[in-house]
Amino acid sequence: MTMLTPGLAARFAELTLGHVGRPWPFKLDQVLTGPDDVVAPAVLHPAFHGSFDWHSCVHGWWQLMRIARLFPDLPQAVAIRERADATLTAEKLGGERAYLDRPGTNGFERPYGWGWALALHHELERHDELRWADAMRPLAEAFAARLMEYLPKLTYPVRTGTHGSTAFALILALEWADARDPALAALIRARAVDWFGGDRGAQAWEPGGDDFLSATLVEAVLMARVLGDGFGAWFAAFLPDVGKGEPATLFLPATVSDRSDGKIAHLDGLNLSRAWCWFVLADAAGMPGLRDVAMRHLDAALGHVAGDYMGEHWLATFALLALGAGTAALPPQG
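Mapping of the sequence shown onto numbering that gives the first Met the number 0: residues 0 to 333, in sequence order.
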């Protein structure tokens, strides 16, 4: 049994190939410092000017490159590699790196886009062809340096279900740092314990009206990665009644009333990202029954990955996260 099938991977790839280079509509994250800053997104962001916004384009590429690696014989994988050769070049990614030297970019895509940029570089380094990873490295290292500067002065974590989430960005960044930057990995672990190590009895006042992450569950996934063997005791104190299905809000998929509204459509992403979290936590906490909760959330959202561009430009990434986690957690088949 597998959850992430070649058919689903091909469907996701087709959707995302259709928007990673789509220039309009596009939502800029930019501080204007003068009239010369008013230029087309493709000028500002030579590689990542599609998918409605910069971070969605970055994680769209993460999704595409992961599909190409996992399913190299798909026809779409050939198209992905050809598109990568045209887009993930030293010149274009150098332009992305140069953007960070502009005035007013200190908070650009912090921290969500930072985490996804590191995740993309980590994925690229898992490919046999390293030209894309080599081209991406300066940009990834620039965001890692920004994290090293930012995390010590972040007195309080951002506990939210949207792009500001500290925990979600650190989940992505930690995987990158563990492979190549011991100092950053140690800092992430230390700050995670500082911020979240004493948390007990989470009330889970969620979802908010435009959440696409569970603030409660992404914190738990981060601590699973940080604490290792100590996670079980922490999780038992953090969500002491999880075995009883409480807090109930975490077990009930969110209702999406209008998928043409970009913020309300976030709730499809919440269901997908919760599915991802529940699959991870079922394994980390040794509670296989949580896989059923993950499946309820996955079933609520998987049919809505396509349909309206407000969701279509990003939901497949979170579907891939959930399906990948669910597949990884499956027991061996006899």
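Note that CB positions come from ideal geometry on N, CA and C, so glycine has one too.
With 16 other Cβ atoms within 10 Å as the buried cut-off, status of residue i
{"i": "Gly-114", "result": "buried"}
{"i": "Pro-331", "result": "Since pLDDT at Pro-331 reaches only 44, below the 50 mark, its modelled position is unreliable, and the value read off the structure follows with that caveat. Burial call: exposed."}
{"i": "Asp-127", "result": "exposed"}
{"i": "Glu-90", "result": "exposed"}
{"i": "Arg-125", "result": "exposed"}
{"i": "Asn-270", "result": "buried"}
{"i": "Tyr-155", "result": "exposed"}
{"i": "Arg-145", "result": "buried"}
{"i": "Gln-202", "result": "exposed"}
{"i": "Trp-175", "result": "buried"}
{"i": "Leu-314", "result": "buried"}
{"i": "Thr-316", "result": "buried"}
{"i": "Gly-333", "result": "Any reading at Gly-333 must be qualified, since the residue scores a pLDDT of 35, below 50, and its modelled position is unreliable; no value is offered."}
{"i": "Arg-255", "result": "Reading off the sequence shown, one finds Val at residue 255, where the question assumed Arg. Answer is buried; the Cβ neighbour count reaches 16."}
{"i": "Leu-27", "result": "exposed"}
{"i": "Thr-215", "result": "buried"}
{"i": "Thr-32", "result": "exposed"}
{"i": "Glu-122", "result": "buried"}
{"i": "Gly-59", "result": "buried"}
{"i": "Arg-148", "result": "Looking at the sequence provided, one finds Glu at residue 148 rather than Arg. It is exposed - the Cβ of Glu-148 has fewer than 16 other Cβ atoms within 10 Å."}
{"i": "Ala-253", "result": "buried"}
{"i": "Pro-151", "result": "exposed"}
{"i": "Asp-228", "result": "exposed"}
Which of helix, strand or coil DSSP assigns to residue i
{"i": "Gly-17", "result": "coil"}
{"i": "Asp-52", "result": "strand"}
{"i": "Phe-70", "result": "coil"}
{"i": "Phe-25", "result": "strand"}
{"i": "Gln-202", "result": "coil"}
{"i": "Val-217", "result": "helix"}
{"i": "Phe-107", "result": "coil"}
{"i": "Leu-179", "result": "According to the sequence displayed, residue 179 carries Arg and not Leu. Note: Arg-179 maps to helix in three-state DSSP."}
{"i": "His-162", "result": "coil"}
{"i": "Pro-34", "result": "helix"}
{"i": "Val-157", "result": "coil"}
{"i": "Phe-211", "result": "coil"}
{"i": "Arg-65", "result": "helix"}
{"i": "Arg-125", "result": "coil"}
{"i": "Ala-46", "result": "coil"}
{"i": "Glu-245", "result": "coil"}
{"i": "Gly-6", "result": "helix"}
{"i": "Thr-86", "result": "helix"}
{"i": "Leu-226", "result": "helix"}
{"i": "Arg-80", "result": "helix"}
{"i": "Gly-114", "result": "helix"}
{"i": "Arg-188", "result": "helix"}
{"i": "Asp-240", "result": "coil"}
{"i": "Asp-193", "result": "helix"}
{"i": "Lys-152", "result": "helix"}
{"i": "Ala-305", "result": "coil"}
{"i": "Ala-253", "result": "coil"}
Span of the alpha helix (DSSP H), counted from its first residue to its last, around residue i
{"i": "Glu-148", "result": "130 to 149"}
{"i": "Lys-91", "result": "89 to 98"}
{"i": "Thr-326", "result": "314 to 327"}
{"i": "Met-309", "result": "308 to 311"}
{"i": "Ser-272", "result": "265 to 283"}
{"i": "Met-294", "result": "289 to 300"}
{"i": "Gly-231", "result": "230 to 237"}
{"i": "Ala-334", "result": "What the structure shows of the chain is the stretch from 0 to 333, and residue 334 is not part of that stretch, so it cannot be assessed."}
Closest by C-alpha distance to residue i, when choosing among the options
{"i": "Phe-47", "options": "Ala-305, His-312, Ala-327, Val-192", "result": "His-312"}
{"i": "Arg-338", "options": "Ala-219, Ala-139, Val-38, Gly-261", "result": "It is not possible to answer for residue 338, since the shown part of the chain is limited to 0 through 333."}
{"i": "Ala-168", "options": "Leu-119, Asp-133, Gln-202", "result": "Leu-119"}
{"i": "His-162", "options": "Thr-86, Trp-53, Leu-73, Ala-143", "result": "Trp-53"}
{"i": "Ser-164", "options": "Gly-112, Met-309, Leu-117", "result": "Gly-112"}
{"i": "Leu-400", "options": "Arg-80, Pro-110, Ala-166", "result": "For residue 400 there is no data in the structure shown, the boundaries of the chain being 0 and 333."}
{"i": "Arg-68", "options": "Thr-104, Ile-170, Ala-12, Ser-50", "result": "Ala-12"}
{"i": "Trp-204", "options": "Met-147, Leu-238, Val-225", "result": "Leu-238"}
{"i": "Ile-170", "options": "Phe-142, Glu-218, Ala-247, Pro-137", "result": "Glu-218"}
{"i": "Gly-93", "options": "Val-42, Phe-70, Ser-50, Lys-26", "result": "Val-42"}
{"i": "Gly-334", "options": "Ala-235, Ala-191, Asp-180, Leu-212", "result": "As shown, the chain starts at 0 and ends at 333. That puts residue 334 outside it, with no answer to give."}
{"i": "Ala-134", "options": "Leu-150, Ala-85, Gly-103", "result": "Ala-85"}
{"i": "Thr-88", "options": "Ala-132, Asp-36, Leu-150, Gly-106", "result": "Ala-132"}
{"i": "Glu-245", "options": "Val-292, Gly-285, Ala-39, Cys-56", "result": "Val-292"}
{"i": "His-18", "options": "Pro-34, Pro-110, Arg-82", "result": "Arg-82"}
{"i": "Thr-248", "options": "Thr-15, His-296, Ser-259", "result": "His-296"}
{"i": "Met-294", "options": "Asp-282, Trp-275, Asp-307", "result": "Trp-275"}
{"i": "Leu-221", "options": "Leu-173, Ala-185, Asp-180, Pro-45", "result": "Leu-173"}
{"i": "Leu-16", "options": "Pro-45, Ile-263, Val-57", "result": "Val-57"}
Nearest-angstrom Cβ-Cβ length linking residue i and residue j, presumed shorter than 8 Å
{"i": "Leu-73", "j": "Thr-326", "result": "Their Cβ separation, rounded to whole angstroms, is 16 Å, which puts Leu-73 and Thr-326 out of contact at 8 Å."}
{"i": "Asp-267", "j": "Ala-300", "result": "5 Å"}
{"i": "Leu-319", "j": "Ser-272", "result": "About 11 Å separates the two Cβ atoms, so there is no contact after all."}
{"i": "Leu-117", "j": "Phe-142", "result": "6 Å"}
{"i": "Phe-51", "j": "Pro-22", "result": "Between Pro-22 and Phe-51 the Cβ distance is about 10 Å, and since that is not below 8 Å, they are no contact."}
{"i": "Asp-260", "j": "Met-309", "result": "7 Å"}
{"i": "Val-279", "j": "Ala-324", "result": "5 Å"}
{"i": "Gly-160", "j": "Asp-210", "result": "3 Å"}
{"i": "Arg-188", "j": "Val-225", "result": "5 Å"}
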